[in-house]
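Structure record follows, encoded as structure tokens.
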Amino acid sequence: MDLATFQWLLTDDGQALLAEATALVAGGATPLAAGSALRRTTTGERAAAALSQVELRERAAAKFGESAARMYFTPDALEQATRQRVAAHRAGRAAAFGAQTLVDLGCGIGGDLVAAARAGIICAGVDLDPVRVAIAAANLAALDLPGAVQVADATTVDHTGFDLAFADPARRSGAGRTFRVEDWTPPWTWVEGLLRRSACVKVAPGIPHDLVPAGVEAEWVSDDGEVKEAALWSGLTATVARRATVIGDGGLATITDEEDPGAAEVGTREVGGYLYEPDGAVIRAGLVTAVAAGVHGGLVDPRIAYVTGDEAFRSPFARGYRVLEQLPYREKQLKAALRERGVGRITIKKRGVDVVPEQLRKRLALTGDAEATVVLTRVAGEGTALLVEPF
């Protein structure tokens, strides 16, 4: 979608077309039928743009909730945009640190601007893409939120007048998604410079710990059990070295390296009555031993992110299982043991072992009526199968 088409979509005629497209799709019309109906009164390009927005709004509901129905998107920008709950956490944290003004250096379609404005922060955004800038402005207006956006190169903008600078470098190259910081836009050298002031930079969850500059806090965030991103906090906003934040329907919880006694203190131990599977954000942040300390447990293996203990704890940072028994690890004996217990449906969880759950499930060919969860992992370096149940 080009800029002229999007600007037309914001006119009264464009809004009427968008409403018609929405009604057609809601009524069950196929894309082909909806497109044909719309082209009776407009051009093919405008009809395609309207239908595209309807489809993107439906996809965006997973990230933006009810707000998605009033917002505008492009496919790439929607994919890159932060989930609403994660953005709200970040904006709330910025506000808690006293940030009254924020500049978004590479604002895209304005997802983080929306969150910042909702948190009461005066915000401005810049982006090199005129279409994304126009969409960001339209999204703020559609949600009745204040904020200013303009086309500009983030690397040349004077951001010294803002309390906090935020950036979300594009992590794509000509070959697609990239994990090399050298391929980011703006590049990593610019990010390092930005982090010398009070700033927040959204990065990929797989960022190596040794890449984080000294004095910068790295926070890994999961939403509904799925690790979504990491963020680097610098200047006045950095309070610890590493943090894991878990967002769920019950709210938000956070754990830091200050709560981590370390592997030497926690140690490894034999499997107890309970097994804990740390959240992905905890694992990325290197805080598995902090979770172990929190449940009065230890590691099953120095290199495996499973924790075991003798007490039952409900923790936002790990899923808990009651250990029922240890089963044979070899496939033939495991199959016999499960059949003996009448198991027909099985959930296979694994860490640290060379097993493909779907392939193993097919080979086991279980037919019983019972359902079971089996954990395949290493305990003290040895392959182990554990029959567990969630609690």
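Take 740 as the starting number for the sequence shown in this note's numbering and just add one per residue.
Quick reminder that beta carbons are idealized off the backbone N, C-alpha and C, glycines included.
Keep in mind it's a predicted model, so treat the numbers as computed, not measured.
What are the residues that DSSP puts in a beta bridge with residue i?
{"i": "ALA909", "result": "THR924"}
{"i": "PRO947", "result": "Paired residues: none, contrary to the question."}
{"i": "SER961", "result": "VAL966, VAL985"}
{"i": "GLU1128", "result": "ARG1061"}
{"i": "VAL825", "result": "VAL825 is not bridged to any residue."}
{"i": "THR995", "result": "ARG982"}
{"i": "ARG1117", "result": "GLY1122"}
{"i": "ARG1084", "result": "GLU1110"}
{"i": "GLY1019", "result": "Note: GLY1019 sits in no beta bridge, so no partner."}
{"i": "ALA938", "result": "ALA904, SER973"}
{"i": "THR1047", "result": "LEU1014, GLY1037"}
{"i": "THR1007", "result": "LEU1038"}
Could one say the Cβ of residue i lies closer than 8 Å to chain C's Cβ atoms, at least one of them?
{"i": "HIS898", "result": "No chain C is present in this structure, which holds just one protein chain."}
Could you round the C-beta distance between residue i and residue j to whole angstroms and report it? I think they count as a contact, below 8 Å.
{"i": "ARG1128", "j": "ARG1061", "result": "Strictly speaking, residue 1128 in this sequence is Glu, with Arg absent from that position. About 5 Å separates the two Cβ atoms, so the contact holds."}
{"i": "GLN819", "j": "PHE803", "result": "That pair is no contact at about 13 Å."}
{"i": "GLN746", "j": "ALA873", "result": "7 Å"}
{"i": "ASP983", "j": "LEU1026", "result": "Going by the sequence as given, residue 983 is Ala instead of Asp. Going by Cβ atoms, the distance from ALA983 to LEU1026 rounds to 5 Å, so yes, they are a contact pair."}
{"i": "GLY845", "j": "ASP907", "result": "6 Å"}
{"i": "ALA854", "j": "ARG829", "result": "7 Å"}
{"i": "ALA807", "j": "ALA800", "result": "5 Å"}
{"i": "GLU965", "j": "ALA980", "result": "Their Cβ separation, rounded to whole angstroms, is 24 Å, which puts GLU965 and ALA980 out of contact at 8 Å."}
{"i": "VAL985", "j": "ALA1020", "result": "6 Å"}
{"i": "LEU1115", "j": "VAL1094", "result": "5 Å"}
{"i": "GLY886", "j": "GLY864", "result": "7 Å"}
{"i": "SER973", "j": "ARG936", "result": "7 Å"}
{"i": "PRO1067", "j": "ALA1119", "result": "Not really, about 17 Å apart at Cβ, beyond 8 Å."}
Does residue i come out as helix, strand or coil in the three-state DSSP assignment?
{"i": "PRO1067", "result": "coil"}
{"i": "LEU1014", "result": "strand"}
{"i": "ASP851", "result": "helix"}
{"i": "SER1054", "result": "strand"}
{"i": "GLY990", "result": "strand"}
{"i": "ASP843", "result": "strand"}
{"i": "VAL1092", "result": "coil"}
{"i": "LEU975", "result": "helix"}
{"i": "LEU1105", "result": "coil"}
{"i": "GLY932", "result": "helix"}
{"i": "GLY1099", "result": "In the sequence as presented, Gly is not what sits at residue 1099; that position holds Leu. Helix at LEU1099."}
{"i": "LEU1077", "result": "helix"}
{"i": "GLU956", "result": "strand"}
{"i": "GLY1037", "result": "strand"}
{"i": "THR813", "result": "coil"}
{"i": "ALA838", "result": "coil"}
{"i": "ALA807", "result": "helix"}
{"i": "ARG919", "result": "coil"}
{"i": "GLY1025", "result": "coil"}
{"i": "ALA1031", "result": "helix"}
{"i": "ALA1002", "result": "helix"}
{"i": "ALA820", "result": "coil"}
At least 3 beta-carbon pairs within less than 8 Å: the segment 1073 to 1085 vs the segment 1040 to 1060: no
Stretch pair the segment 933 to 948 + the segment 961 to 978: three plus CB contacts closer than 8 Å: yes
Cβ contact check for the segment 897 to 908 and the segment 831 to 838: 3 or more pairs under 8 Å: yes
Alpha helix (DSSP H) segments (min. 4 residues) lying fully within the segment 741 to 798: 742 to 748, 751 to 765, 770 to 777
Start-end ranges of the beta strand (DSSP E) lying completely within the segment 862 to 904, minimum 3 residues: 887 to 890
Any 3 or more C-beta pairs closer than 8 Å across the segment 1009 to 1029 and the segment 988 to 1001: yes
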